[in-house]
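A.B. asks: Below is a structure I'd like to ask you about.
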Amino acid sequence: MSYSSWVKSHGEKHNRIMEKLKDLSDDEVIEYFRFENMVEKEPDFCPLYKKSKKCHDIENLNCYLCACPNFRFSDSGFREVDGRTLYSICSVDSEDGREAVSQKAIHQDCSLCLIPHSEEFIRDVFRRDWFEIFNRF
Ligand code: SF4
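Residue 227 in my numbering is what sits at position 132 of the sequence shown, and the numbering runs on without skipping anything.
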């Protein structure tokens, strides 16, 4: 599955959950997306939930922004760099982001960056329609 297809399908899943949460305030919605609650109430939202495993092993992991609005991806690649195709970048050049370099490709590695999982960041960019968050950046 390409990244853009994944964003589309994940966003639709996200919006289906939001339909159920119409009566909650924004803060209550953000609380609902805390990892522990999501594992219990939305077991199909993330494949890791079935193993009760976190994508980042931290306390207070919030899953509202599973994808990061600062992440930029091109399915066909942005440009060639030293014989490799650059497929993804961080638009804010986070100090916790890295490059994953293989023989033919360069990808943004976000495994050490916690920006999109913090509730402070989620509150800053919050929209009830998940796609609107990504269209603003
Ligand atoms: S490095 Fe952090 S801020 Fe940058 S795209 Fe990845 S998760 Fe988002």
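Even for Gly, the Cβ is constructed at its ideal location relative to N, Cα and C.
Find the nearest neighbour of Glu175 within the set Phe128, Ile201, Leu143 and Phe229, judged by alpha-carbon distance.
C.D. replies: Nearest of Phe128, Ile201, Leu143 and Phe229 to Glu175, Cα basis: Ile201.
A.B. asks: Going by DSSP, what residue range makes up the alpha helix (DSSP H) through Glu227?
C.D. replies: That run of the alpha helix (DSSP H) goes Trp225 to Asn230.
A.B. asks: Report the option in Glu107, Leu156 and Tyr98 whose CA atom is closest to the CA atom of Phe226.
C.D. replies: If we check each option's Cα against that of Phe226, Glu107 comes out closest.
A.B. asks: For the stretch 100 to 115 against the stretch 209 to 220, are there 3 or more C-beta pairs whose distance is under 8 Å?
C.D. replies: No, because fewer than three Cβ pairs between the stretch 100 to 115 and the stretch 209 to 220 fall closer than 8 Å, the two stretches do not touch.
A.B. asks: Which full runs of the beta strand (DSSP E) of 3+ residues lie inside the stretch 154 to 193, going along the chain?
C.D. replies: Here the runs fully enclosed are 166 to 168, 174 to 176, 179 to 181 and 183 to 185.
A.B. asks: For His202, which residues does DSSP report across the bridge?
C.D. replies: According to DSSP, which records beta bridges pairwise, His202 is partnered with Ala195.
A.B. asks: For a quick check, are the C-beta atoms of Leu156 and His212 less than 9 Å apart?
C.D. replies: For Leu156 and His212, yes; Cβs fall inside 9 Å.
A.B. asks: Are Gln198 and Arg222 closer than 9 Å when you measure CB to CB?
C.D. replies: No, the Cβ-Cβ distance between Gln198 and Arg222 is not below 9 Å.
A.B. asks: Excluding the 5 residues flanking Ile153 on each side, which residues of the same chain have their C-beta closer than 8 Å to its C-beta?
C.D. replies: Excluding sequence neighbours, Ile153 sits near Leu209 and His212.
A.B. asks: Shortest alpha-carbon distance to Ser189 belongs to which of Ser206, Asp121 and Val134?
C.D. replies: Out of Ser206, Asp121 and Val134, Ser206 has the C-alpha closest to the C-alpha of Ser189.
A.B. asks: Roughly how many whole angstroms lie between the Cα atoms of Tyr127 and Cys161?
C.D. replies: Answer to the nearest angstrom: the Cα atoms are 14 Å apart.
A.B. asks: Measuring straight from C-alpha to C-alpha, what distance separates Val220 and Gly192?
C.D. replies: Their backbone Cα atoms lie some 20 Å apart in a straight line.
A.B. asks: State the beta-bridge partners of Arg218 as determined by DSSP.
C.D. replies: Note: Arg218 sits in no beta bridge, so no partner.
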